[in-house]
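K.L.:
Questions regarding the structure given below will be posed in turn.
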Amino acid sequence: MSEVYLPLADVENLFQKLIVSILGWDVSTPTQKNNVKIDWATGGRPGWGDPKKNLVFLKVIESDSNYNKEREVTHRYIDSPPEYIQRTSYTRQIQVGITTYGSNSFENMQLIRDSMFYQTFRNTLSQNKIYLIPDIVAPVRAPELFNDLWYERIDMTLHFNELIVREISSVPVESVDIKIYEGNQGKEIEDVEI
Amino acid sequence: MKRVTRSPLLNSQALTILRSVGEEVDGRWVEGTPIILNIRGVASPSTQKELRQLPEGDRVTGAITFTTVDELFVSHGGETPGTSDIIIWKGNKYRLLSVFQWGDYGFYTSIATRMRGD
């Protein structure tokens with residue numbers, strides 16, 4: 146097995162597409178594909194002014210757990226061409242913060258929560274070595290008052306275990322040439338190759 | 044007021060405006076090539092240029108007030124969404140934080156913050 150590692154942007158993209166798919170916004174309402182948004186745009190992004198507009202925001206960070214501290218290291222030597230490989234595998238725990246806004250925010254969050262247990266969506270994640278930790282804390286309804294209007298908002302945090310495999314390889318030392326001299330800069334006594 | 048904001052004799056300066064044009068692509072905001080506008084206006088400090096000595100390195104902050112005849116925009120949605128206008132002044136970029144809508148009286152006052160941190 147080669148390396149298994151998703152950079153942060155790839156993890157974000159994976160969950161963006163997954164939630165678009167769960168909500169059916171890629172098939173039934175393709176114009177809403179971009180209404181699942183990834184947080185923390187460097188230069189900001191235009192907001193929205195309709196409290197009823199259904200939007201989803203994603204925050205992906207790593208979270209700490211005892212499980213992600215265990216590391217398994219194996220070593221492998223290949224004869225031809227000679228190569229030494231150190232393989233480290235461990236579990237990274239990902240925390241995905243999901244926020245839904247809009248008139249269907251509560252229902253959309255419920256759908257996301259339920260769908261995480263459906264095999265179709267689990268398969269999408271497992272193909273990327275990402276697995277849901279099923280101990281899901283219930284979503285929190287927390288409407289926001291903005292410009293004198295209440296915006297419906299639901300927050301939920303999901304945790305996932307992700308397999309990480311990193312490999313480093315190096316060319317091994319196959320032979321060493323040893324020369325033995327008499328005294329300091331004296332004549333060569335022995336030339337051995339090990 | 045219009046004459047003041049445009050008159051070089053009254054400290055009006057050339058300002059370059061970068062007006063954001065962008066779109067959401069797969070849930071990420073992607074900036075396109077900005078619209079470039081050359082206008083005139085009066086620049087005055089709204090905060091001091093300030094050093095913040097952080098463990099990771101020095102950071103410099105500061106905000107400038109720009110008074111212009113042309114309307115400037117903070118982030119906006121709608122059919123042509125974009126993030127806040129960026130003003131290039133004395134070689135530095137300043138991003139709009141707020142616009143006072145004095146348009147009915149012929150001018151706009153905008154506060155912009157320095158974008159570079161060094």
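Which chain is which? The protein sequence lines are A and B, in order. Just so you know, we're using the numbering used here here: the first sequence kicks off at 146 and counts up by one. Just so you know, we're using the numbering used here here: the second sequence kicks off at 44 and counts up by one. Note that CB positions come from ideal geometry on N, CA and C, so glycine has one too.
Taking its Cβ as the centre, do 16 or more other Cβ atoms sit within 10 Å of A/GLY247, making it buried, or is it exposed?
P.N.:
Translated into the one-based positions of the first sequence, residue 247 of chain A becomes position 102. Burial call: buried.
K.L.:
Output yes or no for whether 8 Å exceeds the beta carbon distance between A/THR245 and A/ILE206.
P.N.:
On the first sequence, residue 245 of chain A is found 100 positions in, with the first residue counted as 1. On the first sequence, residue 206 of chain A is found 61 positions in, with the first residue counted as 1. No, these two residues do not count as a Cβ contact at 8 Å.
K.L.:
Determine the direct distance from the alpha carbon of A/ILE164 to that of A/ILE257, and round the result to whole angstroms.
P.N.:
Start at 1 with the first residue of the first sequence, and residue 257 of chain A comes out as number 112. Start at 1 with the first residue of the first sequence, and residue 164 of chain A comes out as number 19. Answer to the nearest angstrom: the Cα atoms are 7 Å apart.
K.L.:
Give me the chain A residues within the contact set of B/TRP72, using Cβ-Cβ distance strictly less than 7 Å, ordered along the chain.
P.N.:
Looking up residue 72 of chain B in the second sequence gives position 29. What B/TRP72 touches in chain A: ALA186 and ARG190.
K.L.:
In chain order, which continuous runs of the alpha helix (DSSP H) of length 4 or greater are located wholly inside the region 216-290 of chain A?
P.N.:
Whole alpha helix (DSSP H) segments, 4+ residues: 250-260 and 264-271.
K.L.:
Give the interface partners of A/GLY194 over in chain B, defined as CB-CB distance under 9 Å, in chain order.
P.N.:
Reading the first sequence from its first residue, position 49 is the one you call residue 194 of chain A. Here the neighbours are GLY120 and GLY121.
K.L.:
So with Cβ pairs under 8 Å, would you call B/GLU114 a contact of chain A?
P.N.:
Translated into the one-based positions of the second sequence, residue 114 of chain B becomes position 71. For B/GLU114, the answer is no, since every Cβ of chain A falls outside 8 Å of its Cβ.
K.L.:
Grab me the residues of A/PRO196's own chain with a C-beta within less than 6 Å of its C-beta, minus the 5 sequence neighbours each way, in chain order.
P.N.:
Residue 196 of chain A sits at position 51 when you count from the first residue of the first sequence. So the qualifying residues of the chain are LEU294 and TYR296.
K.L.:
On the three-state DSSP scale, how would you describe A/ALA154?
P.N.:
Numbered from its first residue, the first sequence carries residue 154 of chain A at position 9. Three-state DSSP puts A/ALA154 in a helix.
K.L.:
Could you tell me which of A/ILE339, A/VAL201, A/GLU312 and A/SER315 sits nearest to A/PRO324, measuring between CA atoms?
P.N.:
Taking the first sequence and counting its residues from 1, one reaches residue 324 of chain A at position 179. Before going further, note that residue 324 of chain A is Lys rather than Pro in the sequence given. With distances taken between Cα atoms, A/LYS324 lies closest to A/ILE339.
K.L.:
Taking the alpha carbon of B/PRO77 as the reference point, which residue from B/THR152, B/SER127, B/THR108 and B/ARG83 has its own alpha carbon closest?
P.N.:
What you label residue 77 of chain B is simply residue 34 of the second sequence in a count that begins at 1. Comparing Cα positions, the closest option is B/SER127.
K.L.:
Hey, out of B/PHE116, B/ILE60 and B/ILE131, whose CA is closest to B/ILE79's CA?
P.N.:
If you number the second sequence from 1, residue 79 of chain B lands on position 36. Taking only the C-alpha atoms, the option nearest B/ILE79 is B/ILE60.
K.L.:
By the 10 Å Cβ neighbour count, where 16 or more other Cβ atoms means buried, how is B/MET158 classified, buried or exposed?
P.N.:
To locate residue 158 of chain B, count along the second sequence from 1; it is residue 115. Classification of B/MET158: exposed, given that the 10 Å Cβ count is below 16.
K.L.:
Quick one: Cα of A/PHE340 to Cα of A/LEU277, how far?
P.N.:
Since the first residue shown for chain A is 146 and the last is 339, residue 340 of chain A is missing from the structure and cannot be characterised.
K.L.:
Please report how far the alpha carbon of A/LEU290 lies from the alpha carbon of A/GLY192, in whole angstroms.
P.N.:
On the first sequence, residue 290 of chain A is found 145 positions in, with the first residue counted as 1. On the first sequence, residue 192 of chain A is found 47 positions in, with the first residue counted as 1. Answer to the nearest angstrom: the Cα atoms are 15 Å apart.
K.L.:
I think A/ILE309 touches A/SER234, with their Cβ atoms under 8 Å apart; what is that distance to the nearest whole Å?
P.N.:
Taking the first sequence and counting its residues from 1, one reaches residue 309 of chain A at position 164. Taking the first sequence and counting its residues from 1, one reaches residue 234 of chain A at position 89. Sure, about 7 Å apart at Cβ, within 8 Å.
K.L.:
When we look at the beta-carbon of B/PHE109 and count the other beta-carbons within 10 Å, is it buried (16 or more) or exposed?
P.N.:
The residue given as residue 109 of chain B occupies position 66 in the second sequence. Flag for B/PHE109 reads buried.
K.L.:
Which one of A/THR269, A/LEU153 and A/HIS304 has the shortest CA to CA distance from A/ASP280?
P.N.:
Start at 1 with the first residue of the first sequence, and residue 280 of chain A comes out as number 135. Among A/THR269, A/LEU153 and A/HIS304, the Cα nearest to that of A/ASP280 belongs to A/HIS304.
K.L.:
How is A/SER166 classed by DSSP in three states: helix, strand or coil?
P.N.:
Reading the first sequence from its first residue, position 21 is the one you call residue 166 of chain A. A/SER166: helix per DSSP, three-state reduction.
K.L.:
If you check the beta carbons only, do A/GLY242 and A/THR302 fall under 8 Å apart?
P.N.:
By 1-based counting over the first sequence, the position of residue 242 of chain A is 97. By 1-based counting over the first sequence, the position of residue 302 of chain A is 157. Against a cut-off of 8 Å, the Cβ pair of A/THR302 and A/GLY242 comes out as a contact.
K.L.:
On the premise that B/LEU115 lies in contact with B/TYR151, defined as a C-beta separation below 8 Å, what is that separation, rounded to the nearest angstrom?
P.N.:
Here the question's residue 151 of chain B lines up with position 108 in the second sequence. Here the question's residue 115 of chain B lines up with position 72 in the second sequence. That pair is a contact at about 6 Å.
K.L.:
Excluding sequence positions up to five away, which residues of its chain have a Cβ less than 7 Å from the Cβ of A/LEU168?
P.N.:
In the first sequence, counting from the first residue as 1, residue 168 of chain A sits at position 23. Same-chain partners within the cutoff: ASN253 and LEU256.
K.L.:
List the residues of chain A that B/ASP128 touches, going by C-beta distances under 8 Å, in chain order.
P.N.:
One-based indexing of the second sequence puts residue 128 of chain B at position 85. Ordered by position in chain A, no residue passes the 8 Å Cβ test against B/ASP128, which lies about 12 Å from the chain.
K.L.:
Interface residues of chain A around B/PRO30 at Cβ under 7 Å?
P.N.:
The structure shown does not extend to residue 30 of chain B, since chain B is modelled only from 44 through 161, so no value can be given for it.
K.L.:
Please check if any C-beta of chain A sits within less than 8 Å of the C-beta of B/ASP161.
P.N.:
Residue numbering aside, residue 161 of chain B sits at position 118 when the second sequence is read from its first letter. So no, B/ASP161 is outside the interface.
K.L.:
My output table needs one value for B/LEU115: the three-state DSSP class, helix, strand or coil.
P.N.:
Within the second sequence, the letter at position 72 stands for residue 115 of chain B. It is coil, neither helix nor strand.
K.L.:
Taking a contact to mean a Cβ-Cβ separation below 8 Å, would you say A/LYS178 touches A/ASP171 in this structure?
P.N.:
Numbered from its first residue, the first sequence carries residue 178 of chain A at position 33. Numbered from its first residue, the first sequence carries residue 171 of chain A at position 26. Result yes, Cβ atoms of A/LYS178 and A/ASP171 sit closer than 8 Å.
K.L.:
If we cut at 8 Å on Cβ distances, does B/GLU99 have a partner in chain A?
P.N.:
For the purposes of this step, residue 99 of chain B is identified with residue 56 of the second sequence, where counting begins at 1. No, because no Cβ of chain A sits closer than 8 Å to the Cβ of B/GLU99.
K.L.:
Quick test of the definition: if touching needs 3 or more C-beta pairs under 8 Å, does the region 207-222 of chain A touch the region 91-106 of chain B?
P.N.:
The region 207-222 of chain A, when compared against the region 91-106 of chain B, does not touch it at the 8 Å Cβ threshold.
K.L.:
Starting from the beta carbon of B/ASP69, find every residue of chain A whose beta carbon is closer than 8 Å, and list them in chain order.
P.N.:
Indexing the second sequence from 1 puts residue 69 of chain B at position 26. Near B/ASP69 (Cβ distances below 8 Å), the residues of chain A are ASN158, GLN161, LYS162, LYS178 and ASN179.
K.L.:
Return the CA-CA distance between A/GLY189 and B/GLU67, expressed in angstroms with no decimal places.
P.N.:
For the purposes of this step, residue 189 of chain A is identified with residue 44 of the first sequence, where counting begins at 1. For the purposes of this step, residue 67 of chain B is identified with residue 24 of the second sequence, where counting begins at 1. Distance between the alpha carbons of A/GLY189 and B/GLU67: 12 Å.
K.L.:
Let me check understanding here. Comparing Cα to Cα, which of A/ARG311, A/VAL318, A/LEU270 and A/ASN249 lies closest to A/PRO288?
P.N.:
Locating residue 288 of chain A in the first sequence gives position 143, where the first residue counts as 1. Minimum Cα distance to A/PRO288 is reached at A/ASN249.
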